[in-house]
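Chemist: Sequential numbering from 156 applies to the sequence shown in the working numbering.
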Amino acid sequence: MVNSIPAPDHGDAFDFMARWGYAARGIVYLLVGGLAMLAAIGQGGEATDSRGALESLMGAAWGDVLLIAISLGLLGYALWRCIQAIKDTDHHGTDAKGLAIRTGLLVSAVTHTLLAFFAASLIFTLGANSSGSDGGSEGLASWLMQQPYGRWLVGVVGIAIIGAGCAHGIKGWKAKFDRHFNMPPSTQRWAYPICRFGLVTRGLVFLLIGAFFIIAAYQFDPDQAGGLAEVFSTLRSQVFGRWLLAFVALGLFAFGLYSLLEAIYRRVNP
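(1) For residue 377, count neighbouring Cβ atoms within 10 angstroms of its own Cβ and tell me buried if that reaches 16, exposed if not.
(2) Compare the beta carbon distance of residue 414 and residue 174 with 8 Å and say whether it is the shorter of the two.
(3) Per the DSSP calculation, residue 336 is bridged to which residue(s)?
(4) How about residue 365 and residue 316: are their beta carbons less than 8 Å apart?
(5) Find the nearest neighbour of residue 214 within the set 193, 314, 279, 234, judged by alpha-carbon distance.
(6) Using DSSP with H/G/I as helix, E/B as strand and the rest coil, what is residue 414?
(7) So, are the CB atoms of residue 277 and residue 210 less than 8 Å apart?
(8) Say whether the region 235-245 touches the region 258-277, bearing in mind that this needs 3 or more beta-carbon pairs closer than 8 Å, one atom from each stretch.
(9) Three-state secondary structure (DSSP) at residue 408?
(10) I'd like the list of long-range same chain contacts for residue 313, defined as Cβ closer than 6 Å, with 5 residues on each side in sequence excluded.
(11) How is residue 304 classed by DSSP in three states: helix, strand or coil?
(12) Taking 8 Å as the cut-off, decide whether the C-beta atoms of residue 350 and residue 332 are in contact.
(13) By Cβ distance below 6 Å, which residues in the same chain neighbour residue 412 in space, the five residues on each side in sequence not counted?
(14) Between the beta-carbon of residue 410 and the beta-carbon of residue 356, is there less than 8 Å?
(15) Decide yes or no for the touch test of the region 397-411 against the region 191-200: beta carbon pairs closer than 8 Å, at least 3 of them.
(16) Taking all protein chains shown into account, decide if residue 319 is buried (16 or more other Cβ within 10 angstroms of its Cβ) or exposed.
This is the structure:
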């Protein structure tokens with residue numbers, strides 16, 4: 156009798172990959188929110204985007220190890236996003252709304268792949284090739300404007316980002332993430348308010364970024380397109396700017412906690 160060799164459990168591998176990915180995303184947003192909060196209260200932090208937050212790890216104790224772990228986690232998260240989109244693991248369906256959500260998942264996979272490679276590049280190039288805070292947004296807008304109907308493409312990107320922001324806000328306000336969580340009621344009582352605040356805040360940030368792209372399209376000026384760092388700068392220049400910056404920083408920190416909670420409690424079904 157031939158002993159059968161058990162097949163590898165791909166479900167466990169996908170589960171580990173997805174949870175590592177959610178944790179990596181959470182750490183990035185904890186860094187973003189934490190640095191912005193320090194800047195808001197005048198304690199030496201810097202209100203920057205996710206790339207700037209990763210750069211802050213350079214030279215820190217165990218910084219290289221953290222960058223490697225985050226880079227691998229973000230790659231796993233990107234792959235998980237692809238699986239979610241292609242296999243429709245969350246049952247979004249094939250109607251217009253479902254296809255829009257699944258397309259957004261693929262876009263998320265691309266952006267997190269780029270962020271993962273950026274994190275890895277910091278280790279091997281010591282940041283020599285790092286771009287400016289808003290280089291990603293401005294670079295994307297500039298490239299799009301060089302294409303046929305470029306102004307319209309930039310506008311469409313802006314509208315898509317605004318749509319993603321609205322979706323985040325609705326998901327947080329109505330606690331729609333609940334159907335994906337397997338969380339004890341005792342944990343829900345303190346965790347759900349954090350999750351809702353984080354999602355709504357990230358939605359507001361997306362609305363502002365989308366507005367920057369639409370302004371760039373209207374003025375035919377890619378320099379008007381901005382990312383998270385530009386959002387922080389804009390908020391800080393307003394009346395009560397420090398308080399606005401602190402509010403958004405706290406919300407993005409909450410989104411980081413939401414991502415860590417996803418790493419623990421989210422249902423993962425590849």
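Cβ coordinates follow ideal geometry from the N, Cα and C atoms, glycine included.
Modeler: In short, the structure shows the following:
(1) In the sequence shown, counting from the first residue as 1, residue 377 sits at position 222. Flag for residue 377 reads buried.
(2) Position 259 of the sequence shown, counted from the first residue, corresponds to residue 414. Position 19 of the sequence shown, counted from the first residue, corresponds to residue 174. The answer is no: Cβ separation not under 8 Å.
(3) As a first step, residue 336 must be located in the sequence shown, where it is residue number 181. Partner(s): 421.
(4) The count along the sequence shown starts at 1 and reaches residue 365 at position 210. The count along the sequence shown starts at 1 and reaches residue 316 at position 161. Contact: yes.
(5) For the purposes of this step, residue 214 is identified with residue 59 of the sequence shown, where counting begins at 1. It is 279 whose Cα lies nearest to the Cα of residue 214.
(6) The count along the sequence shown starts at 1 and reaches residue 414 at position 259. Reduced to three states, the DSSP call for residue 414 is helix.
(7) Taking the first residue of the sequence shown as 1, we reach residue 277 at position 122. Taking the first residue of the sequence shown as 1, we reach residue 210 at position 55. Going by C-beta atoms, residue 277 is nearer than 8 Å to residue 210.
(8) yes
(9) Sequence index remark: in the sequence shown, residue 408 carries index 253 (1-based). Helix at residue 408.
(10) For the purposes of this step, residue 313 is taken as the residue at position 158 of the sequence shown. Within the same chain, residue 313 has close Cβ partners 365, 368, 369.
(11) Indexing the sequence shown from 1 puts residue 304 at position 149. If DSSP states are grouped into helix, strand and coil, residue 304 belongs with coil.
(12) Walking along the sequence shown from the start, residue 350 turns up at place 195. Walking along the sequence shown from the start, residue 332 turns up at place 177. Yes, the Cβ-Cβ distance between residue 350 and residue 332 is below 8 Å.
(13) The residue labelled residue 412 in the question sits at position 257 within the sequence shown. If we look at residue 412 and ignore the five residues flanking it on each side, its Cβ neighbours are 349.
(14) What you label residue 410 is simply residue 255 of the sequence shown in a count that begins at 1. What you label residue 356 is simply residue 201 of the sequence shown in a count that begins at 1. Yes, the Cβ-Cβ distance between residue 410 and residue 356 is below 8 Å.
(15) yes
(16) Working through the sequence shown from its first residue, we reach residue 319 at position 164. Buried is the call here.
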